[in-house]
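To start, the structure itself, in structure tokens.
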Amino acid sequence: NAGVTQTPKFQVLKTGQSMTLQCAQDMNHNSMYWYRQDPGMGLRLIYYSASEGTTDKGEVPNGYNVSRLNKREFSLRLESAAPSQTSVYFCASSEPQGFSYEQYFGPGTRLTVT
Amino acid sequence: RKEVEQDPGPFNVPEGATVAFNCTYSNSASQSFFWYRQDCRKEPKLLMSVYSSGNEDGRFTAQLNRASQYISLLIRDSKLSDSATYLCVVNTYLGNQGGKLIFGQGTELSVKP
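Those protein sequences? They're chains D and P, same order as listed.
All residue numbers for the first sequence refer to our numbering, where the first residue is 30 and numbers rise by one.
All residue numbers for the second sequence refer to our numbering, where the first residue is 27 and numbers rise by one.
Okay, here's the thing in structure tokens:
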């Protein structure tokens, strides 16, 4: 099993350009998440999808859109990139079981917006 | 106030030392608690869950005090390979929708020979 995969691994964008970050998981998990990680800020939740067909905003959704394409895939789109979106983006998935469960993370996408 | 706060670090310790990480959380409705480990420029990975009774996994011991809203992680006999950033993570359960994980900012540990 590959677990959680993300593409691309690195990306440089100019201000105003758009792009889509792709995420896929092969663990048959229902829930998927997008986070961003900035120095000194920890990981912050952008959007999540509790199950196929549903998406909800997290802590920092402005400037992003998501699509839960199917159970395996959850994409994150930047419509008009801004330098403030320079960050490392992690996708994660989980299968909730009771009160305690593990989230599995992809390797991350390092995005620079100039 | 941040929902999850950790010691700012970094911690620089010699091999064999015992090191303790502290974490507080503000949402009393939080229901489950974790320590994740993140190696430099890599993804976070679950180190251990934290239970009210306390739990131990080899050299690692985690404790939870719900009354004080406090979580700790103790590493005994630290190894060079323990060098990483340790993330305190709190989960608010959303029923069958899973839950939201709130991450602390992390505490960096560097173990020196």
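Ideal Cβ positions, reconstructed from N, Cα and C, are used throughout, including at glycine.
Chain D residues whose Cβ lies nearer than 7 Å to that of residue i
i	result
Gly130 of chain P	Gly71
Leu127 of chain P	Gln132
Proximal chain P residues relative to residue i, where beta-carbon distance stays under 8 Å
i	result
Phe134 of chain D	Glu69, Pro70, Lys71
Proximity test, Cβ basis, 9 Å: residue i and chain D
i	result
Phe60 of chain P	yes
Ser75 of chain P	yes
Asn117 of chain P	yes
Val39 of chain P	no
Val137 of chain P	no
Val45 of chain P	no
Residues that residue i contacts on chain D, provided the C-beta gap is smaller than 8 Å
i	result
Leu113 of chain P	Gly71, Leu72
Below-9 Å beta-carbon distance, residue i vs any chain P residue
i	result
Gly137 of chain D	yes
Tyr93 of chain D	no
Tyr64 of chain D	yes
Gly87 of chain D	yes
Tyr77 of chain D	yes
Contact under 9 Å by Cβ, residue i with residue j
i	j	result
Cys66 of chain P	Thr111 of chain P	yes
Asn117 of chain P	Lys126 of chain P	yes
Leu99 of chain P	Met74 of chain P	yes
Lys68 of chain P	Gly130 of chain P	no
Val41 of chain D	Thr143 of chain D	yes
Ser146 of chain D	Arg65 of chain D	In the structure as shown, chain D starts at 30 and stops at 143, and residue 146 of chain D therefore has no counterpart that could be examined.
Ile128 of chain P	Tyr62 of chain P	no
Leu146 of chain D	Pro37 of chain D	Since the first residue of chain D shown is 30 and the last is 143, residue 146 of chain D is not available in this structure.
Phe134 of chain D	Lys71 of chain P	yes
Gly45 of chain D	Ser109 of chain D	yes
Ala88 of chain P	Tyr96 of chain P	no
Ala53 of chain D	Glu102 of chain D	yes
Ser79 of chain P	Ser109 of chain P	no
Meets three-Cβ-pair contact criterion under 8 Å: the segment 39-58 of chain P and the segment 89-106 of chain D: no
The segment 75-86 of chain D / the segment 48-63 of chain D touching (three or more Cβ pairs under 8 Å): yes
Contact residues within the segment 111-124 of chain D, judged by C-beta distance below 7 Å to chain P: Phe119, Ser123
Cβ pair count under 8 Å reaching 3, the segment 27-39 of chain P against the segment 72-92 of chain P: no
At least 3 beta-carbon pairs within less than 8 Å: the segment 108-128 of chain D vs the segment 33-46 of chain D: yes
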